[in-house]
Amino acid sequence: MYAWNHDRRFNAYSNYFKHRFGRRIQKLTIDAGFTCPNRDGSIATGGCSYCDNNAFSPSYCNSRKSITQQIEEGIEFHQKRYRKAENYLAYFQSYTNTYAPLDVLKQKFSEALANEKIIGIIVGTRPDCIDEEKLDYLAEIAQKKYVVIEYGVETCNNHTLKLINRGHDFETSVRALELTKKMGLKAGIHLIFGLPNENKEEWMQWTECLSDLPIHSIKFHQLQIIKNTPMVAYYTQHPENFYQFSFDDYVDFIIDFLERLNPQFLIERLTGEVPPAYLFTKPWNLLRNDQMLQLIENKMEERNTWQGRLYKR
Ligand code: SF4
């Protein structure tokens, strides 16, 4: 059994930042005006069936503004809320942030890094939109700044990836993670629990294949069905194909999942939070992410368990 020696019951990303930088680091979301091959016709036109970028973008984040302006407004926004944040990471979140020629990437990432309060970048992208040349450039930045490449993996199941119109398979994600590691870079991933035709037993099996991959950090989300996305039509026709978590059920599930997961992986997020106005289905509750996180941690305490407790390596 893996013995836990951290002050929280999972390997929290926020603790990692405190230890690494000695202070709170805040992320600033940027919409740098990229598009996505799953929307512009290169791979597909409709996008992934669950996707609406507006549902998770803060108000200051808008591609009509320059990156410099978004950063300045983001810093102002966060300084009112979190007075202790002195340094920031530019989070290129919207759409596919490596889907452009290298010189465009250089111009956009350099503009963000020109602000002296920005100590690094997080680059959200698709696993099929990265190559050695781009990673080589990012590795050059990583010599001096903090850099993470964040991949939308979403599910380990190729049937689901096809059904939700992701336009790539799980093997592509594995190759991207391995290439990222080979280039000396950190990789984060997103996963969604609740996509159609999947169930808890299958998700629990993912802990084995994921635990062997070169993953630096993970964000978990429960599926939230967003208005005006193709997922609404599918859900309306086939509600029986969706495993419906209650919040309590999800809490127990995510703890069971963490118990079996590689304890080295940093956990950045355990639940997703989309503003209720965007949701087609009713939200679990009106709790914020940090409140839900507290309830999950309380339950881990009650169960006296921790990330990796049942990890077998
Ligand atoms: S989730 Fe990402 S890859 Fe899929 S349509 Fe949205 S922006 Fe494109």
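Using my numbering, count along the sequence shown one by one with no gaps and you end on 514.
Heads up, the beta-carbon is just placed ideally off N, CA and C, and yes, glycines get one too.
Owing to the predicted nature of the structure, the values given are computational and were not obtained by experimental measurement.
Straight-line Cα distance separating residue j from residue i
i: GLU402; j: LYS420; result: 20 Å
i: LEU511; j: ARG265; result: 48 Å
i: ARG470; j: VAL305; result: 30 Å
i: GLU333; j: LEU414; result: 19 Å
i: HIS424; j: THR230; result: The sequence shown places Leu at residue 424, rather than the His named in the question. So the alpha carbons of these two residues sit roughly 21 Å apart.
i: TYR251; j: ASN486; result: 20 Å
i: VAL475; j: ALA256; result: 6 Å
i: THR365; j: MET432; result: A small fix is needed here, since residue 365 is Ile in this sequence, not Thr. The alpha-carbon atoms of ILE365 and MET432 are separated by roughly 8 Å.
i: THR356; j: TRP407; result: 9 Å
i: ASN359; j: ASN216; result: 34 Å
i: GLU399; j: ILE393; result: 11 Å
i: ARG461; j: LEU378; result: 20 Å
i: PHE293; j: TYR444; result: 31 Å
i: LYS307; j: ILE331; result: 14 Å
i: TYR352; j: LYS483; result: 28 Å
i: SER374; j: ILE272; result: 30 Å
i: LEU362; j: GLY395; result: 13 Å
i: LYS335; j: GLU503; result: 46 Å
i: LEU386; j: LYS345; result: 12 Å
i: TRP507; j: ASP453; result: 12 Å
i: THR326; j: LEU303; result: 14 Å
i: HIS220; j: LYS513; result: 27 Å
i: TYR436; j: THR236; result: 26 Å
For residue i, three-class secondary structure by DSSP
i: VAL305; result: helix
i: ASN490; result: helix
i: ARG470; result: strand
i: VAL375; result: helix
i: ILE276; result: helix
i: ALA313; result: helix
i: ILE497; result: helix
i: LEU511; result: coil
i: PRO440; result: helix
i: GLU403; result: helix
i: ARG367; result: coil
i: CYS410; result: helix
i: THR269; result: helix
i: VAL433; result: helix
i: THR299; result: coil
i: ASP449; result: helix
i: TYR339; result: Going by the sequence as given, residue 339 is Leu instead of Tyr. Three-state result, LEU339: helix.
i: ASP457; result: helix
i: HIS207; result: coil
i: ASN359; result: helix
Selection from the options that minimises the alpha carbon distance to residue i
i: CYS527; options: GLU287, ARG367, PHE293, ASP241; result: This structure leaves residue 527 out entirely; the chain is present only between 202 and 514.
i: SER258; options: GLY234, VAL375, ILE456, ASN239; result: GLY234
i: GLN227; options: ILE323, PRO238, ILE244, ARG240; result: ILE323
i: TYR289; options: ALA301, SER267, ASN316, TYR296; result: ASN316
i: MET501; options: SER243, ASN490, PHE458, PRO484; result: PHE458
i: PHE448; options: CYS262, GLN492, ARG240; result: GLN492
i: GLN438; options: SER418, PRO397, ASP241, THR297; result: PRO397
i: ILE350; options: SER311, ASN359, LEU339; result: LEU339
i: THR269; options: ALA291, ALA301, ARG282, GLN280; result: ALA291
i: PRO477; options: LEU488, ILE468, LEU467; result: LEU488
i: ARG210; options: ILE276, GLU503, GLU498, ARG514; result: GLU498
i: GLU370; options: VAL354, ILE416, TYR214; result: The residue you asked about is not Glu; residue 370 is Asp in the sequence shown. Considering only alpha carbons, the answer is VAL354.
i: ASP253; options: ASN490, PHE466, LYS513, LEU480; result: LEU480
i: SER295; options: SER260, GLN465, ASP450; result: SER260
i: TYR214; options: GLN465, THR326, GLU503, LEU496; result: GLN465
i: ILE320; options: LYS483, ASP241, ARG224; result: ARG224
i: PRO328; options: HIS391, LEU303, GLU341; result: HIS391
i: GLY389; options: LEU496, LYS428, ASP241, TYR347; result: TYR347
i: THR299; options: SER412, ASP337, TRP404; result: ASP337
i: LYS318; options: GLY509, GLY473, LYS428, GLU277; result: GLU277
i: ASP232; options: ASN239, PHE310, PHE222, HIS279; result: PHE310
i: LEU411; options: ASN442, GLU372, LYS428, THR430; result: GLU372
i: LEU314; options: ALA343, MET384, THR297; result: ALA343
i: GLU312; options: SER267, ALA286, GLY275; result: SER267
Residue(s) in a DSSP beta bridge with residue i
i: GLN423; result: PHE394
i: ASN288; result: ILE226
i: PHE293; result: ILE231, VAL324
i: LEU480; result: ILE427
i: PHE389; result: Residue 389 is actually Gly in this sequence, not Phe. GLY389 is bridged to GLU351, SER418.
i: ALA245; result: Answer by DSSP bridge pairing: none, since ALA245 is not bridged.
i: ALA213; result: ILE468
i: ILE319; result: TYR289
What residues does the ligand SF4 have around it, judged by CB closer than 7 Å to any heavy atom, in chain order?
In chain order, the qualifying residues are CYS237, ASN239, ARG240, GLY248, CYS249, CYS252, ASN254, TYR296, THR297, ARG327, GLY353, ARG367.
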